[in-house]
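Asker:
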Amino acid sequence: MSFGAPDNPYGQPQNPQQGYGYPQQGQPPYPQAPGGIPQQGYGYPQQGQPGYGYPGGPGGPGPRVASMGRRLGARAIDGVAFFVIYFILGAIGVAGSIGAAQDCDPNAADYNTCINNASSDIAAKIGSMIAVLAIVGLLYEWLMTGLVGATLGKLAVGIRVVKADTGQKPGLGSSFIRWIIPLVGSLACGIGQVLVYLSPFWDKSGRQQGWHDKAAGTMVIQN
Numbered sequence: 001m002s003f004g005a006p007d008n009p010y011g012q013p014q015n016p017q018q019g020y021g022y023p024q025q026g027q028p029p030y031p032q033a034p035g036g037i038p039q040q041g042y043g044y045p046q047q048g049q050p051g052y053g054y055p056g057g058p059g060g061p062g063p064r065v066a067s068m069g070r071r072l073g074a075r076a077i078d079g080v081a082f083f084v085i086y087f088i089l090g091a092i093g094v095a096g097s098i099g100a101a102q103d104c105d106p107n108a109a110d111y112n113t114c115i116n117n118a119s120s121d122i123a124a125k126i127g128s129m130i131a132v133l134a135i136v137g138l139l140y141e142w143l144m145t146g147l148v149g150a151t152l153g154k155l156a157v158g159i160r161v162v163k164a165d166t167g168q169k170p171g172l173g174s175s176f177i178r179w180i181i182p183l184v185g186s187l188a189c190g191i192g193q194v195l196v197y198l199s200p201f202w203d204k205s206g207r208q209q210g211w212h213d214k215a216a217g218t219m220v221i222q223n
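Residue numbering for the sequence shown follows the UniProt record's numbering, beginning at 1 and increasing consecutively.
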């Protein structure tokens with residue numbers, strides 16, 4: 001009589017962990033993510049490849065999409081910063097022109113001409129400042145978003161703009177498209193611009209992309 005292990009007439013392995021989809025002794029186990037999902041290297045995209053971690057792509061649950069509160073907060077910070085700059089430069093220009101008008105002698109024969117020249121000077125300076133600030137605004141929004149991925153306001157609230165399919169910085173082409181669409185909307189008494197900035201509320205893709213984001217192929221995520 002044998003006191004060893006009973007015969008196994010079916011030829012099944014006695015170790016239930018071997019031969020049933022489990023790695024054999026000496027073989028490295030397959031890496032598993034929580035929940036039994038294979039990790040990178042088993043048909044899932046690697047970091048840096050398109051689709052990694054972005055909604056709609058094949059890899060991962062996706063990044064943290066920036067909330068509309070953060071996005072509007074960033075826009076408000078940028079707006080306040082520009083308002084302060086506008087106000088300071090405008091005050092300097094107007095003060096200089098008013099000083100020139102005060103130099104006009106009310107008793108002089110050319111007093112009216114002097115006042116008219118001072119008024120024209122004020123208008124010219126205001127027009128020049130508006131043009132300069134518009135250019136500065138373009139360069140600020142365009143270059144900061146394209147090269148850095150965020151304006152100062154976005155950096156302050158911890159969000160940034162990325163390409164929706166790769167997660168990389170938008171680049172100058174996409175950032176220009178993203179900037180020009182709200183600008184065109186502002187020509188309709190500013191109503192179009194407001195609608196563009198509010199349009200992420202109506203996006204049903206899960207990415208909260210505004211109309212300018214969809215046109216540029218970008219999305220805003222939280223750091």
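Even for Gly, the Cβ is constructed at its ideal location relative to N, Cα and C.
Suppose you measure from the CA of Ala-124 to the CA of Ala-118; what does that come to, to the nearest Å?
Answerer: Their Cα atoms are separated by approximately 10 Å.
Asker: Once DSSP output is grouped into helix, strand and coil, what is the label at Lys-125?
Answerer: Helix.
Asker: According to DSSP, simplified to helix, strand and coil, what is Arg-75?
Answerer: In the structure shown, Arg-75 sits in a helix (DSSP, three-state: H, G or I).
Asker: What is the residue span of the alpha helix (DSSP H) that Arg-178 lies within?
Answerer: Arg-178 -> alpha helix (DSSP H) spans 171-186.
Asker: Once the 5 residues before and after Thr-151 are set aside, which same chain residues still bring their CB inside 8 Å of it?
Answerer: Ala-74, Asp-78, Tyr-140, Glu-141, Met-144 and Thr-145.
Asker: If I'm right that Ala-216 touches Pro-170 with Cβ under 8 Å, what's the distance once you round it to whole angstroms?
Answerer: Contact holds; Cβ gap of about 7 Å.
Asker: Can you name the start and end residues of the alpha helix (DSSP H) that Val-196 belongs to?
Answerer: From DSSP, the alpha helix (DSSP H) with Val-196 extends over 191-198.
Asker: Got a sec? Which residues, its chain only, sit under 7 Å from Ile-221 by beta carbon, not counting five neighbours each side?
Answerer: Same-chain partners within the cutoff: Pro-63, Arg-64, Val-65, Ala-66, Ile-159, Arg-160 and Val-162.
Asker: How is Lys-163 classed by DSSP in three states: helix, strand or coil?
Answerer: Lys-163 falls in the strand class under three-state DSSP.
Asker: When DSSP labels each residue in this structure, what does Gln-209 get in the three-state scheme?
Answerer: Coil, per DSSP.
Asker: Run the CB neighbour count on Trp-202, radius 10 Å, all protein chains shown included, and call it buried at 16 or more, exposed below.
Answerer: The residue in question, Trp-202, is exposed, as its Cβ has fewer than 16 Cβ neighbours within 10 Å.
Asker: Helix or strand or just coil, what does DSSP make of Thr-218?
Answerer: Of the three classes helix, strand and coil, the one that applies to Thr-218 here is strand, per DSSP.
Asker: Just confirm the distance between the C-beta atoms of Gly-192 and Ser-186, as a whole number of angstroms; I'd bet it's less than 8 Å.
Answerer: Contact flag correct, Cβ pair sits at about 6 Å.
Asker: When the distance is taken between beta carbons, is Tyr-111 closer than 8 Å to Asp-105?
Answerer: A contact, by the Cβ cut-off of 8 Å.
Asker: If we ignore side chains and look at the alpha-carbon of each, how far apart do Lys-214 and Leu-138 end up?
Answerer: So the two alpha carbons sit approximately 20 Å from each other.
Asker: When you compare the CB positions of Ile-122 and Val-94, do they come within less than 8 Å of one another, or not?
Answerer: A contact, by the Cβ cut-off of 8 Å.
Asker: Could you say which of Gly-153, Thr-218, Val-196 and Phe-87 lies nearest to Thr-166 if we only look at CA atoms?
Answerer: Among Gly-153, Thr-218, Val-196 and Phe-87, the Cα nearest to that of Thr-166 is on Thr-218.
Asker: Just to confirm my understanding: we take Tyr-86, look at its own chain, exclude 5 residues before and 5 after, and list those with CB closer than 8 Å. What are they?
Answerer: The answer, listed in chain order, is Met-129 and Leu-133.
Asker: I'd like to confirm the pairing. Which residues does DSSP put opposite Val-65 in its beta bridges?
Answerer: Ile-221, per the DSSP bridge assignment.
Asker: What are the start and end residues of the alpha helix (DSSP H) that includes Lys-204?
Answerer: Premise fails: Lys-204 is in no alpha helix (DSSP H) and is neither H nor E.
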